[in-house]
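Everything on this sheet refers to the single structure shown next.
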Amino acid sequence: MELRETILEGAIAVFNQKGLKFTMDDVARALSMSKKTIYTVFDDKKSMFLTMVDYIFDKIKDSERKILEDDSLGTLEKIRRILGVMPEGYRDIDLRQLYALREKYPGIYARVEERLENGWESTIALIVRGMEEGVIRPVSVPLVKMMLEASLEQFFQRDILIQNQMNYVDALEQVVDILVYGIAAECGDKGCRGDHAD
């Protein structure tokens, strides 16, 4: 593992323990590495954090690619997994802390927003395929994209997850399940999903 990746993995682990308050000293201590070595790769905490955001989103894109290439999954399951994808090694990261980014690190928050808004091509193609196959009903793809983006942005703009004692991964899975399956029970007093009483 090259030095840059080692430092980023260490920074992610420290972020998970201390949130945004982590320092370069914390990262150096966690890696048993001198701060001087870290500064040969990153100028400061802000540049390291910015790189960390891209690093995590790149890992998410790698996980998306694996889901797309998995022939054992049907289209609907691929859609559900891609919308809620988190790389295995990052499922325990406390991303609830990111709500404080907007105020403390607006440039880094802007990068998170940019990464959330881009790279949807594969997901959109999969949703279109799902409609063509009839496994999902016809929907406005831009609306689905907007709904998921808006939910994630709310996670990062407010401390809603912390207030409700939910972790990011569980909250994301619930949002994705609601987007994919709706909120109606399979069958209830009003009939089964898809039934319309006159």
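Each residue of the sequence shown is one higher than the last, beginning at 956 in my numbering.
Quick reminder that beta carbons are idealized off the backbone N, C-alpha and C, glycines included.
The structure presented is a predicted model; accordingly, all values stated were derived computationally and were not measured.
Measuring CB atoms only, is the segment 1022–1029 touching the segment 992–1008, in the sense that at least three cross pairs come out at less than 8 Å? With contact defined as three or more Cβ pairs closer than 8 Å, the segment 1022–1029 and the segment 992–1008 are not in contact.
Distance, A1065 Cα to L975 Cα: Sequence index remark: in the sequence shown, residue 975 carries index 20 (1-based). Sequence index remark: in the sequence shown, residue 1065 carries index 110 (1-based). C-alpha separation (whole angstroms): 16 Å.
Note down, in chain order, each residue of its chain lying with its Cβ closer than 6 Å to the Cβ of P1093, except the 5 sequence neighbours on either side. In the sequence shown, residue 1093 corresponds to position 138, counting from 1. Take P1093, set aside five residues on each side of it, and the residues of its chain with a beta-carbon closer than 6 Å to its own are M1086, in chain order.
Enumerate in chain order the residues of its own chain whose CB-to-CB distance from L1005 is below 8 Å, with the five nearest sequence positions on each side excluded. Within the sequence shown, numbered from 1, the residue matching residue 1005 stands at position 50. Excluding sequence positions up to five before and after L1005, its CB lies within less than 8 Å of the CB of G1062, I1063, R1066, all in the same chain and listed in chain order.
Give me the Cα-Cα distance between V1090 and D1017, rounded to the nearest whole angstrom. Taking the first residue of the sequence shown as 1, we reach residue 1090 at position 135. Taking the first residue of the sequence shown as 1, we reach residue 1017 at position 62. Cα-Cα distance, rounded: 25 Å.
F970: first and last residue of the uninterrupted alpha helix (DSSP H) it sits in: Here the question's residue 970 lines up with position 15 in the sequence shown. Note, F970: alpha helix (DSSP H), 958–973.
Does DSSP put A1140 in a helix, a strand or coil? Mapped onto the sequence shown, residue 1140 falls at position 185. Coil at A1140, not helix or strand.
What first and last residue would you give for the alpha helix (DSSP H) that runs through S1002? To locate residue 1002, count along the sequence shown from 1; it is residue 47. Per DSSP, S1002 belongs to the alpha helix (DSSP H) from 1000–1024.
Contacts around L1056, its chain only, beta-carbon distance under 6 Å, and the 5 residues preceding and following it disregarded: Taking the sequence shown and counting its residues from 1, the one referred to as residue 1056 is at position 101. Counting only Cβ-Cβ distances below 6 Å, and skipping sequence neighbours, we find I1063, Y1064.
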